[in-house]
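Working notes, structure below.
Protein chains: 2
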Amino acid sequence: MESTKKRILDEAVAAFAARGYEAVGVQDLCEASGITKPTLYYHFGSKAGLLSALFEERFGGFNACVRAASAYPGPRRGDLAGILLSTMTAFVDAARDDPDFARVRLASSFCPPSSDPYRVARPHLEALYAAVVDAFEAAAVDHGNMAGRALPYAASFIGASDAYVGLYLAGDLDPDAGFLRRAVHYFMHGIFS
Amino acid sequence: MESTKKRILDEAVAAFAARGYEAVGVQDLCEASGITKPTLYYHFGSKAGLLSALFEERFGGFNACVRAASAYPGPRRGDLAGILLSTMTAFVDAARDDPDFARVRLASSFCPPSSDPYRVARPHLEALYAAVVDAFEAAAVDHGNMAGRALPYAASFIGASDAYVGLYLAGDLDPDAGFLRRAVHYFMHGIFS
DNA sequence: TCGATCATATACCGTTCGGTATATTCCTTC
DNA sequence: GAAGGAATATACCGAACGGTATATGATCGA
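Those protein sequences? They're chains A and B, same order as listed.
Going by my numbering, the first sequence opens with residue -17, and the numbers climb by one from there.
Going by my numbering, the second sequence opens with residue -17, and the numbers climb by one from there.
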């Protein structure tokens, strides 16, 4: 059944968030899901395959949200402040909706290059960066002095957003609408403004 | 000998950077260091003890550099731009000097809460944040409209710096002096400036 | 009702895990 | 040169690892 796969994925993201991919055994996941190992291997083929399916579902969904929120051309063209706000809000809302996956995603952003999480997460991480880079490149058409700086802008924007998410997950920060509005304002106009 | 400990630590940081703490076996480290397991356990007591010694040495040194670079009161009082520049430069220089530890440090910044790396890294991560928060709080004395915002400023500053370090380690960015000067300028005065 | 296919379980594989009881070598100090 | 501690090695522990060969229910079209 499809519900079995879903249950396994739910238990997996919770376990990976709490203890990390490498530290979680396949046996643990099976017991938590109320199944046995052959069932897990029937559905996902391997432990890395399970992680891949998890990322396909959740990282794909997250990236779709970010890309939708950061789309610069079209009806919102010119409203860079609004676009950055909705993009950063997408980061935070995703963490509120699915804190376990947010933890796994953050951990994957700096995971070691010779590891399953790196191989599995890399295309999704690149897609996330590409979405934000595209937004800054599109904005540079209307703001000439931003030209050629899309990558550093995207890095600092994603870095800051993920830092907020990390603090939120740790309970050290509540990034409400006002906080995000101010954060975007600083990003665009500097910390003195 | 002291050199044995040093050799083990050097091999450990390289292995953890490449494959991650959990994925590296004690046996691997012993073979890479040319010793046997009882020797490692004689010096460090446990695998977590080894990680702790590693962080004590390298994370402590990194934090000392950051705190020195970000000290706001004293002779440089008022020169916030210079302080932020030297602080971000400390991040990047540390990554150039010791890329393996930089990888391990980045990985530790979002590692799962029920893991050895989290327990071991947490005090150092808090010390790093505290150093940068202190700098922004001190600066708020001279820049009134920054008051009460030290934590979000520190988060976005550290988040952006670590994002640059991550891109540097991946070979996607060369954060030279000019890059850092511009990055600090955007941080202080916004991306349009 | 008969195969066939999907989905699941029992029981097991060899390997590696972190860690240790014990013995030995080396270096220093008296 | 004897004593003693510091540093190292041999050989082993039980447990857990990821993964699988094989068998069994369930479901369903012919």
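Cβ atoms here follow ideal geometry from the backbone N, Cα and C, with glycine treated the same way.
### Message
If you follow the alpha helix (DSSP H) that Asn45 (chain A) is in, where does it begin and where does it stop?
### Response
Lys29 to Ser52
### Query
Leu155 (chain B) versus chain A: which residues are under 9 Å apart at the beta carbon?
Leu133, Pro134 and Ala137
### Query
Does any residue of chain A bring its CB to less than 8 Å from the CB of Glu233 (chain B)?
Missing from the structure shown is residue 233 (chain B); chain B here goes from -17 to 175 and no further.
### Message
Assuming contact is defined by CB atoms lying nearer than 8 Å, are Ala46 (chain A) and Thr69 (chain A) in contact in what I supplied?
### Response
no
### Task
State the start and end residues of the unbroken alpha helix (DSSP H) segment that holds Thr(-14) (chain A).
Glu(-16) to Arg1
### Query
Quick one: what's got a C-beta closer than 8 Å to Ser175 (chain B)'s C-beta in the same chain, skipping five residues either side?
His167 and Tyr168
### Task
Taking Cys93 (chain B) as the query, report the chain A residues whose CB atoms sit under 8 Å from its CB, ordered along the chain.
Gly2 and Ala89
### Task
Consider the Cβ of Gly126 (chain A): report whether some Cβ of chain B lies at a distance smaller than 8 Å.
no
#### Entry: Neighbouring residues, chain B, relative to His171 (chain A) (Cβ below 8 Å)
His171, Gly172 and Phe174
### Query
Which ranges would you report for the alpha helix (DSSP H) in the stretch 48 to 103 of chain A if only whole runs of at least 4 residues count?
62 to 79 and 81 to 91
### Query
Could you give the distance in angstroms between the alpha-carbon of Leu107 (chain A) and the alpha-carbon of Phe44 (chain A)?
11 Å
### Task
Please state whether DSSP places Glu4 (chain A) in a helix, a strand or coil.
coil
### Message
Cutting at 7 Å between CB atoms, please list the residues of its own chain near Val147 (chain A), excluding the five before and the five after it.
### Response
Phe73, Val74, Ala77, Ala84 and Leu88
### Task
Let me know if Asp154 (chain A) comes out buried or exposed under the rule of 16 or more other beta-carbons within 10 Å of its beta-carbon.
exposed
### Cβ-based burial, Ala159 (chain B) [other Cβ within 10 Å; buried from 16]
exposed
### Query
In chain A, which residues lie with their C-beta within 9 Å of the C-beta of Gly141 (chain B)?
Ser138, Ile140, Gly141, Ala142, Ser143, Asp144, Ala145, Tyr146 and Gly148
### Query
What do you reckon, are the CB atoms on Gly60 (chain B) and Asp124 (chain B) nearer than 8 Å?
yes
### Query
Does the beta-carbon of Ala112 (chain A) have 16 or more other beta-carbons within 10 angstroms, so that it is buried, or is it exposed?
exposed
### Query
Counting Cβ pairs closer than 8 Å, one from the stretch 31 to 41 of chain A and one from the stretch 96 to 107 of chain A, do we hit at least three?
yes
### Query
Does any CB atom of chain A fall closer than 8 Å to the CB of Arg85 (chain B)?
yes
### Message
Distance cutoff 8 Å, beta carbons only. Does Ser68 (chain A) sit that close to anything in chain B?
### Response
no
#### Entry: Span separating the alpha-carbon of Leu162 (chain A) from that of Asp82 (chain B)
34 Å
### Query
Can a CB atom of chain A be found closer than 8 Å to the CB of Ala120 (chain B)?
no
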